[in-house]
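Residue numbering for the sequence shown follows this note's numbering, beginning at 30 and increasing consecutively.
Even for Gly, the Cβ is constructed at its ideal location relative to N, Cα and C.
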Amino acid sequence: MVSPELARHLTETSRRLNRQVGVLLGRDGNVRNVIVGDAHSLTLPDIGRLRGGVGRFRGLRLVHTHLKGEPLTRDDLNDLALLRLDLVAAIEVLDTGLPGRIDLAHLAPLGPDGEDQNGHEPFERIQAPDVHQLRFDVEATMKALEDEFARVTRASGETEKERALVIGIVPEDEHFEEMLELVRSAGVAVAGTLRQKRSQVHPRTVVGRGKLQEIVLEAMRGRATVAIFDIDLKPAQSRAFEDATGLKAIDRTQLILDVFAQRARSRDGKLQVELAQLKYALPRLTEKDAGLSRLAGGIGGRGPGETVIEIGRRRIRDRIRALEKQVESLSRQRDLRRRRRREEGVPVLSIIGYTNAGKSTLLNAMTGSEVEAENKLFMTLDPTSRRLRFPREGEVVITDTVGFIADLPPDLVAAFRATLEELADADLLLHVVDAADPRLEQKLEAVERLLTELHLEEIPRLLVLNKTDLLEPHEAAALAHRFKAVAVSAVKRQALAELVQAAEERLGREKPLMKTYGEGEQEAVNL
Ligand SMILES: Nc1nc2c(ncn2[C@@H]2O[C@H](COP(=O)(O)OP(=O)(O)OP(=O)(O)O)[C@@H](O)[C@H]2O)c(=O)[nH]1
Ligand SMILES: [Mg+2]
Numbered sequence: 030m031v032s033p034e035l036a037r038h039l040t041e042t043s044r045r046l047n048r049q050v051g052v053l054l055g056r057d058g059n060v061r062n063v064i065v066g067d068a069h070s071l072t073l074p075d076i077g078r079l080r081g082g083v084g085r086f087r088g089l090r091l092v093h094t095h096l097k098g099e100p101l102t103r104d105d106l107n108d109l110a111l112l113r114l115d116l117v118a119a120i121e122v123l124d125t126g127l128p129g130r131i132d133l134a135h136l137a138p139l140g141p142d143g144e145d146q147n148g149h150e151p152f153e154r155i156q157a158p159d160v161h162q163l164r165f166d167v168e169a170t171m172k173a174l175e176d177e178f179a180r181v182t183r184a185s186g187e188t189e190k191e192r193a194l195v196i197g198i199v200p201e202d203e204h205f206e207e208m209l210e211l212v213r214s215a216g217v218a219v220a221g222t223l224r225q226k227r228s229q230v231h232p233r234t235v236v237g238r239g240k241l242q243e244i245v246l247e248a249m250r251g252r253a254t255v256a257i258f259d260i261d262l263k264p265a266q267s268r269a270f271e272d273a274t275g276l277k278a279i280d281r282t283q284l285i286l287d288v289f290a291q292r293a294r295s296r297d298g299k300l301q302v303e304l305a306q307l308k309y310a311l312p313r314l315t316e317k318d319a320g321l322s323r324l325a326g327g328i329g330g331r332g333p334g335e336t337v338i339e340i341g342r343r344r345i346r347d348r349i350r351a352l353e354k355q356v357e358s359l360s361r362q363r364d365l366r367r368r369r370r371r372e373e374g375v376p377v378l379s380i381i382g383y384t385n386a387g388k389s390t391l392l393n394a395m396t397g398s399e400v401e402a403e404n405k406l407f408m409t410l411d412p413t414s415r416r417l418r419f420p421r422e423g424e425v426v427i428t429d430t431v432g433f434i435a436d437l438p439p440d441l442v443a444a445f446r447a448t449l450e451e452l453a454d455a456d457l458l459l460h461v462v463d464a465a466d467p468r469l470e471q472k473l474e475a476v477e478r479l480l481t482e483l484h485l486e487e488i489p490r491l492l493v494l495n496k497t498d499l500l501e502p503h504e505a506a507a508l509a510h511r512f513k514a515v516a517v518s519a520v521k522r523q524a525l526a527e528l529v530q531a532a533e534e535r536l537g538r539e540k541p542l543m544k545t546y547g548e549g550e551q552e553a554v555n556l
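Here's what the structure looks like:
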């Protein structure tokens, strides 16, 4: 680890200066840096940005002196973790200036199943009474450790995929679970999860120094290159976090945008996703970033915007303006289409609700279509309309559209204006909820809130409790009574006739007014 000559040279110098002295040694044993500290600590030089060497050791070890023979400090261990050093060692400086006890730490290998055993110390500590008695083979240890980490990655069989640590800042379990759902829906491999007990955000690096250390260790062990946060980060925060850990930081909005980017099929959908992504990225670009290259590839960098990844800030602004114009014309076209439909007098029913509530499945069940429906968040992005014959009303149009989520990112709402505007013209909103969801009420509220934000709260609504096949009949009935809703099962095609009947009743109550007196006439409503 260190030759007796070098150790002695370090301790003698240290004694003479009455300061800590250290060296960074390469794997070949050559000295790369010499550092002189004060009596109690040592500040390592900036050894370059860490990105690129992620998941790997730096191939550098820190050997330094401790004037009073004190054991390795918290800062020493932080350096070990955050800088991904091979090891850190402290040598006691005896009064004579000769080297005394040695205290050494390196990253501990993983348990036999590749999992970190709970409560297991992340560091392996080795002590020896002096340099001569230290039995430690750096080369063999590092090789074993690196093999170990490589094995874990191979075992997971996901070498090609980006692996992410999911970091929970919000204490509520439900919030974290939804975040994991989003991660899964984005097709990202989860290398591990870390949660904070208190919802405290470090103003600079999102989490405090101790947590940073934990995150880096966990990332090294799980071979993660990305940290996904369950909150939104300020641009400066993500950058500071990335600088401190060498991990790419992805926040909740970015992850949602990523899911959207993967789902966008239609031209309109792609347009709106790209717009949302660029709007989000713009304030996050620094001068030294070459265009969007720091966002290139992987989570947050996929999607329709990939073609513009190398362009600069000014051109991004141009592109945003161009996209906004296209969205504008899109919204005009749709307006026209809707107006025509309105003239035909065909009532429009729009299926809305929280993501994964079963909206597309319900559309399929009612109209015999085959819209993609899957147990993933934001499966549907592009609106689909189908015609359907109602017994009394005759022809109606049913549309299925993008789902809602609590705290839908504002950039996304802005970009998806054209899609969301469609809803404004519905004669009836079928608000679908997953009746078996323990968060039923929160999700109902989240949707209601969004409807208000989108100024859609005036449109008549019918609440549809879906997935009641997962409940006992009496539970479903009680919920239906409580929420004045229709209980159905889209998958089992249960109570769809009742739904049609209830929808017709609602329509029948609303429509004559609109038909006879035209739009929004006060007098008509009073009748
Ligand atoms: N048990 C049960 N599962 C259902 C029912 N309806 C839908 N699902 C399941 O719920 C999951 C989501 O269904 P989707 O129709 O994709 O939901 P969605 O609301 O369109 O979701 P997004 O488009 O992602 O917002 C799928 O796995 C469906 O099979 C139901 O009545 N009962
Ligand atoms: Mg859907």
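In this structure residue 462 is in contact with residue 382, their Cβ atoms being roughly 6 Å apart against a cut-off of 8 Å.
Within 10 angstroms of the beta-carbon of residue 365 lie fewer than 16 other beta-carbons, which makes it exposed.
Contact holds between the region 422 to 433 and the region 370 to 389, because three or more Cβ pairs, one in each stretch, are under 8 Å apart.
Under the three-state reduction of DSSP output, residue 94 falls in the strand class. Distances taken from the Cβ of residue 62 to the heavy atoms of ligand 1 include none shorter than 7 Å.
Annotation for residue 389: 400, 402, 409 and 429 place their beta carbon closer than 6 Å to its own, counting only its chain and skipping 5 residues before and after. The region 33 to 72 contains, as complete beta strand (DSSP E) runs of 3+ residues, the segments 50 to 55 and 60 to 65 (chain order). For residue 128, the enclosing beta strand (DSSP E) begins and ends at 128 to 136. The beta carbon of residue 496 sits closer than 7 Å to at least one heavy atom of ligand 1.
If you check the CB distance, residue 211 and residue 253 do not come in under 8 Å.
For residue 417, the three-state secondary structure derived from DSSP is strand.
By the 16-neighbour rule on beta-carbons within 10 angstroms, residue 43 is buried. Beta-bridge analysis with DSSP links residue 383 to 433. The Cβ neighbour count for residue 250, taken over all protein chains shown within 10 Å, is at least 16; the residue is labelled buried.
Taking a contact to require three or more Cβ pairs closer than 8 Å, the region 268 to 287 and the region 230 to 246 qualify as touching. Rounded to whole angstroms, the Cβ separation of residue 199 and residue 90 is 38 Å, and the two are not in contact under 8 Å. Distances from the CB of residue 379 to the heavy atoms of ligand 1 are all 7 Å or more. With respect to the 8 Å criterion, residue 349 and residue 257 are not classified as neighbours on the basis of their beta carbons.
Residue 305 counts as buried, since at least 16 other C-beta atoms from the protein chains shown sit within 10 angstroms of its C-beta. Using a cutoff of 7 Å, the CB of residue 409 counts as near ligand 2, since one of the ligand's heavy atoms is closer than that. When the Cα atoms are used, residue 214 and residue 191 turn out to be separated by approximately 14 Å.
If only uninterrupted beta strand (DSSP E) runs of at least 3 residues are considered, those enclosed by the region 257 to 307 are 277 to 279. Beta-bridge analysis with DSSP links residue 459 to 380 and 491. Taking C-beta atoms under 8 Å as the contact rule, residue 74 and residue 62 qualify, at a distance of about 6 Å. Distances from the CA of residue 35 to each of 160, 135 and 207 were compared; the closest alpha carbon is that of 160. Following the DSSP letters along the chain, one finds residue 152 in no alpha helix (DSSP H) but inside the beta strand (DSSP E) bounded by residues 152 to 157. Looking only at 507, 465, 459 and 354, the smallest Cα-Cα distance to residue 485 is reached by 459.
Boundaries of the beta strand (DSSP E) harbouring residue 121: 116 to 122, taken from the DSSP string. In the DSSP assignment, no residue is bridged to residue 357.
The beta carbon of residue 203 sits closer than 6 Å to the beta carbons of 468 from its chain, once the five residues preceding and following it are set aside; these are given in chain order. Setting aside the 5 residues that flank it on each side, residue 528 is surrounded in the same chain by 493, 515 and 517, each with a C-beta closer than 7 Å to its C-beta; the list follows chain order. Residue environment analysis places residue 216 among the exposed positions, since fewer than 16 neighbouring C-beta atoms fall within 10 angstroms of its C-beta. By the Cβ neighbour-count rule, residue 490 is buried, with 16 or more other Cβ atoms within 10 Å of its own. Here the distance from the Cβ of residue 513 to the nearest heavy atom of ligand 2 is not below 7 Å.
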